[in-house]
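Worksheet for the structure shown next.
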Amino acid sequence: MFDNKTILITGGTGSFGQKYTKTILAKYKPKRLIILSRDELKQYEMQQIYNAPCMRYFIGDVRDGDRLEQAFKDVDFVIHAAALKQVPAAEYNPMECIKTNIYGAENVIRAAISNNVSKVIALSTDKAANPINLYGATKLASDKLFVAANNIVGSGKTRFAAVRYGNVVGSRGSVVPFFKQLIANGADALPITHQDMTRFWISLQDGVDFVLKNFERMQGGEIFVPKIPSVRITDLAAAYAPDLKKEIVGIRPGEKMHEIMCPGDDCHHTLEFDDHFVIMPSIKFFGRETDFCTNHLGEKGHLVPQGFEYNSGTNPKFLTIDEILAMDKLA
982 MFDNKTILIT GGTGSFGQKY TKTILAKYKP KRLIILSRDE LKQYEMQQIY
1032 NAPCMRYFIG DVRDGDRLEQ AFKDVDFVIH AAALKQVPAA EYNPMECIKT
1082 NIYGAENVIR AAISNNVSKV IALSTDKAAN PINLYGATKL ASDKLFVAAN
1132 NIVGSGKTRF AAVRYGNVVG SRGSVVPFFK QLIANGADAL PITHQDMTRF
1182 WISLQDGVDF VLKNFERMQG GEIFVPKIPS VRITDLAAAY APDLKKEIVG
1232 IRPGEKMHEI MCPGDDCHHT LEFDDHFVIM PSIKFFGRET DFCTNHLGEK
1282 GHLVPQGFEY NSGTNPKFLT IDEILAMDKL A
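Take the sequence shown: its position 314, counting from 1, is numbered 1295 in this note's numbering, and each next residue is one higher.
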């Protein structure tokens, strides 16, 4: 569905954007692939790797609605990946996080509607479910904006959805590169926030593939959640440095012990499919009735049991140390 189409990704120089670009160029023949981001150095570095004739690089910030209006002209599909994502940084710089993650989301929606973009998928996070930190709260607000945009669009063609998943193996600023750097620098211990902490775990390629598939599945208003394994933080440390001691340093500002992707309070809106969940919109869209139990690929889902919660601490699948290393090698 991406052949001869124009695709734009906000925050496109990040880990997701680069893997997405590599995947799109390998599998499809887009008319244009637009990378929009605010960092000229990252764009320059990315251009040295990805410079196909269809590629376009736009300097711009999602906080700038006028720039998005220009960038979204004649665009068919948008992936909104731009965000401020560091939990402690958001706690100390709350308004900056709000400006990018909430006001930026609104700007993306306005630009998409006014330019008649066909489909928009916003990248969310497990931290948006029952949030306790500002980053998660802003992404919950963003999710709500993108769901409600399907009503705001009225009779227009634009459809919006969100994809929510957990920690990405090896993404910049995450725990695995941090551990590897400490090990390379000869550290005599690895810092562990809490010995019982767990996280959802997904490879970057699996995240990209899930987003691409959901462009085909989406009807508008869904929050897509993949079924993915969990990891114990202690197992991560043991996988990368089995002989190093582990130093408990305490939970950082805004961190949870376990992450949630489908809250129990949303169970009456949550559908289970073979390899993913869908959180249906809680609001009704004017003039449109949608059967979310059957998506555009013909896949069928069913309501989860009352009280169901998709939690990294109670997830039925945990990665072993060998599986962690195997996933890291693939990443």
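All C-beta atoms in this analysis are idealised placements derived from N, C-alpha and C, irrespective of residue type, glycine included.
For residue i versus residue j, is the C-beta distance shorter than 8 Å?
i, j, result
"residue 1139", "residue 1079", "no"
"residue 1184", "residue 1293", "no"
"residue 1090", "residue 1130", "yes"
"residue 1191", "residue 1172", "no"
"residue 1241", "residue 1110", "yes"
"residue 1072", "residue 1234", "yes"
"residue 1306", "residue 1220", "yes"
"residue 1247", "residue 1260", "yes"
"residue 1216", "residue 1302", "yes"
"residue 1020", "residue 994", "yes"
"residue 986", "residue 1057", "yes"
"residue 1254", "residue 1280", "yes"
"residue 1188", "residue 997", "yes"
"residue 1200", "residue 1273", "yes"
"residue 1024", "residue 1015", "no"
"residue 1157", "residue 1309", "yes"
"residue 1128", "residue 1262", "yes"
"residue 1104", "residue 1112", "no"
"residue 984", "residue 1009", "yes"
"residue 1028", "residue 1038", "yes"
Of the residues the options, which one's Cα is nearest the Cα of residue i?
i, options, result
"residue 1174", "1248, 988, 1229, 1031", "1229"
"residue 988", "1073, 1093, 1116", "1093"
"residue 1194", "1004, 1224, 1069", "1004"
"residue 1148", "1101, 1063, 1256, 1067", "1067"
"residue 1097", "1074, 1052, 1084, 1076", "1052"
"residue 1134", "1060, 1099, 1062", "1099"
"residue 1197", "1237, 1047, 1275", "1275"
"residue 991", "1008, 1036, 1043", "1043"
"residue 1087", "1113, 1045, 996", "1045"
"residue 1225", "1249, 1177, 1244, 1164", "1164"
"residue 1124", "1238, 1182, 1107", "1107"
"residue 1394", "1186, 1117, 1126", "Nothing can be reported for residue 1394, as the shown portion of the chain is limited to 982 through 1312."
"residue 1177", "1237, 1189, 1084", "1237"
"residue 1061", "1077, 1084, 1074", "1084"
"residue 1007", "1018, 1027, 1029, 1033", "1033"
"residue 1271", "1132, 1027, 1077, 1049", "1132"
"residue 1296", "1167, 1287, 1209, 1011", "1209"
"residue 1054", "1077, 1031, 1013", "1013"
"residue 1202", "1022, 1047, 1102", "1102"
"residue 1077", "1115, 1048, 1049, 1047", "1115"
"residue 1258", "1028, 1309, 1205", "1205"
"residue 1244", "1218, 1227, 1287", "1287"
"residue 1218", "1249, 1231, 1269, 1159", "1159"
"residue 1285", "1249, 1298, 1304", "1249"
"residue 1268", "1095, 1136, 1231", "1136"
"residue 1035", "1026, 1011, 1049, 1050", "1011"
Over what stretch of residues does the alpha helix (DSSP H) that includes residue i continue unbroken?
i, result
"residue 1191", "1185-1198"
"residue 1290", "Element bounds for residue 1290: n/a, residue is neither H nor E."
"residue 1121", "1115-1133"
"residue 1242", "Run containing residue 1242: none in the alpha helix (DSSP H); it sits in the beta strand (DSSP E), 1241-1243."
"residue 1157", "1156-1165"
"residue 1306", "1302-1311"
"residue 1214", "1214-1221"
"residue 1008", "996-1008"
"residue 1234", "First-last for residue 1234: undefined, no H or E at that position."
"residue 1026", "1021-1028"
"residue 1068", "1068-1073"
Answer with buried or exposed for residue i, where buried requires no fewer than 16 other C-beta atoms within 10 angstroms of its C-beta.
i, result
"residue 999", "buried"
"residue 1145", "buried"
"residue 1040", "exposed"
"residue 1081", "buried"
"residue 1152", "buried"
"residue 1251", "buried"
"residue 1179", "buried"
"residue 1018", "buried"
"residue 1069", "exposed"
"residue 1022", "exposed"
"residue 1181", "buried"
"residue 1278", "exposed"
Starting from residue i, follow the beta strand (DSSP E) in both directions and report where the run begins and ends.
i, result
"residue 1084", "Premise fails: residue 1084 is in no beta strand (DSSP E) and is neither H nor E."
"residue 1261", "It is not in any beta strand (DSSP E) - residue 1261 carries neither H nor E in the DSSP assignment."
"residue 990", "987-991"
"residue 1038", "1036-1040"
"residue 1100", "1100-1104"
"residue 1048", "Residue 1048 -> not in any beta strand (DSSP E); alpha helix (DSSP H) instead, spanning 1046-1052."
"residue 1018", "1013-1018"
"residue 1275", "From DSSP, residue 1275 is part of no beta strand (DSSP E); its letter is neither H nor E."
"residue 1142", "1140-1144"
"residue 1168", "Per DSSP, residue 1168 belongs to no beta strand (DSSP E) and is neither H nor E."
"residue 1253", "1251-1253"
"residue 1209", "Neither: residue 1209 is in no beta strand (DSSP E) and is coded neither H nor E."
"residue 1061", "1058-1061"
Does any heavy atom of the ligand ZN sit closer than 7 Å to the C-beta of residue i?
i, result
"residue 1300", "Summarising the ligand content, the structure contains no ligands, and the ligand ZN is consequently not present."
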